[in-house]
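Engineer: Please find one structure pasted underneath; my questions will follow.
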Amino acid sequence: MPPNIVCFSRNRCTSVEVIDENILRSTCRLQDTMTDACVEIRVRLPDLEIADATGVFLRTPERECLQTGEALRKMVGVRIGAGMLKIIKGLIGESSDCGQLAFMVEECCHGVILSMTKDQLSAAPPGAEVPVEFYREMVKQNIRLYNRCAAFAPGSAMVEGIEPPQEQGDH
538 MPPNIVCFSR
548 NRCTSVEVID
558 ENILRSTCRL
568 QDTMTDACVE
578 IRVRLPDLEI
588 ADATGVFLRT
598 PERECLQTGE
608 ALRKMVGVRI
618 GAGMLKIIKG
628 LIGESSDCGQ
638 LAFMVEECCH
648 GVILSMTKDQ
658 LSAAPPGAEV
668 PVEFYREMVK
678 QNIRLYNRCA
688 AFAPGSAMVE
698 GIEPPQEQGD
708 H
């Protein structure tokens with residue numbers, strides 16, 4: 538008899554679109570063997586304030602994830618930046634036991650932050666190897682990038698010597 542092999546497949550995509558000069562739309566889509574979900578936030582510029590948040594779980598093994606509206610509405614007015622993860626976990630966690638929902642909102646926020654680097658990255662010096670100092674200076678100028686991807690994570694040469702942003706409530 539062949540071994541019992543579990544089959545699992547997952548695709549996750551986060552995209553950011555410019556709606557107009559004042560609004561960005563960030564969407565996180567998650568599809569796997571058991572889940573089909575989409576979360577969308579609209580962010581007001583330049584403050585990076587969440588103006589709207591919606592989502593739907595079409596398929597999920599977690600019944601808690603079928604009702605996301607109330608939890609997502611609590612995100613309206615939150616500014617993307619330092620302390621964001623604590624705020625998301627606090628607001629989403631207090632009104633929903635759906636762990637995937639908080640993760641997807643966080644991914645949308647990270648997408649917005651990373652989309653803000655587009656102009657800076659296009660100014661990178663030409664050539665195959667961009668000096669580490671270029672990226673370090675980019676993070677210094679936009680501290681929201683700190684720890685938002687592996688390249689800018691603590692311990693990376695690209696953020697060496699940069700103080701991490703203070704979480705809200707930390708003193």
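Counting from 1, position 142 in the sequence shown corresponds to residue 679 in the working numbering; the numbering is continuous, with no gaps.
Glycine included, each C-beta is placed from N, C-alpha and C at the ideal position.
(1) Excluding the five sequence neighbours on either side, which residues of its own chain have a C-beta within less than 8 Å of the C-beta of Pro702, listed in chain order?
(2) For Val615, which of helix, strand or coil comes out of DSSP?
(3) In terms of DSSP beta bridges, what is Asn548 paired with?
(4) Roughly how many angstroms lie between the CA atoms of Gly630 and Ala639, to the nearest whole one?
(5) Below 8 Å CB to CB, which residues in the same chain sit around Gly706 once its five sequence neighbours on both sides are set aside?
(6) Can you tell me where the beta strand (DSSP E) with Cys575 in it begins and where it stops?
(7) Buried or exposed for Thr570, please, with buried defined as at least 16 other CB atoms from any protein chain shown within 10 angstroms of its CB.
(8) The alpha helix (DSSP H) spanning Arg610 covers which residue range?
(9) Starting from Gly592, trace the beta strand (DSSP E) in both directions and tell me its first and last residue.
(10) Could you compute how far the alpha carbon of Ile560 sits from the alpha carbon of Gly592?
(11) Look at the Cβ atom of Val669, then the Cβ atom of Met653, and state whether they are nearer than 7 Å.
(12) When you compare each of Ile625, Val649, Glu601, Asp573 to Arg610 by their alpha carbons, which one comes out closest?
(13) Could you compute how far the alpha carbon of Ile699 sits from the alpha carbon of Ser693?
(14) I need the DSSP call for Glu554, collapsed to helix, strand or coil.
(15) Compare the Cα-Cα distances from Ile587 to each of Ile650, Val543, Cys550 and report the closest residue.
Structural biologist: Taking the definition as stated:
(1) Gly618, Ala619, Ile680, Arg681, Tyr683
(2) coil
(3) Gln568
(4) Cα to Cα, the separation comes out at about 7 Å.
(5) Reliability fails at Gly706, whose pLDDT of 47 lies under 50, so the model's placement of it is uncertain and no value is given.
(6) 573-581
(7) exposed
(8) 606-610
(9) 586-596
(10) 18 Å
(11) Val669 places its beta carbon 7 Å or farther from that of Met653.
(12) Ile625
(13) 10 Å
(14) Glu554 falls in the strand class under three-state DSSP.
(15) Ile650
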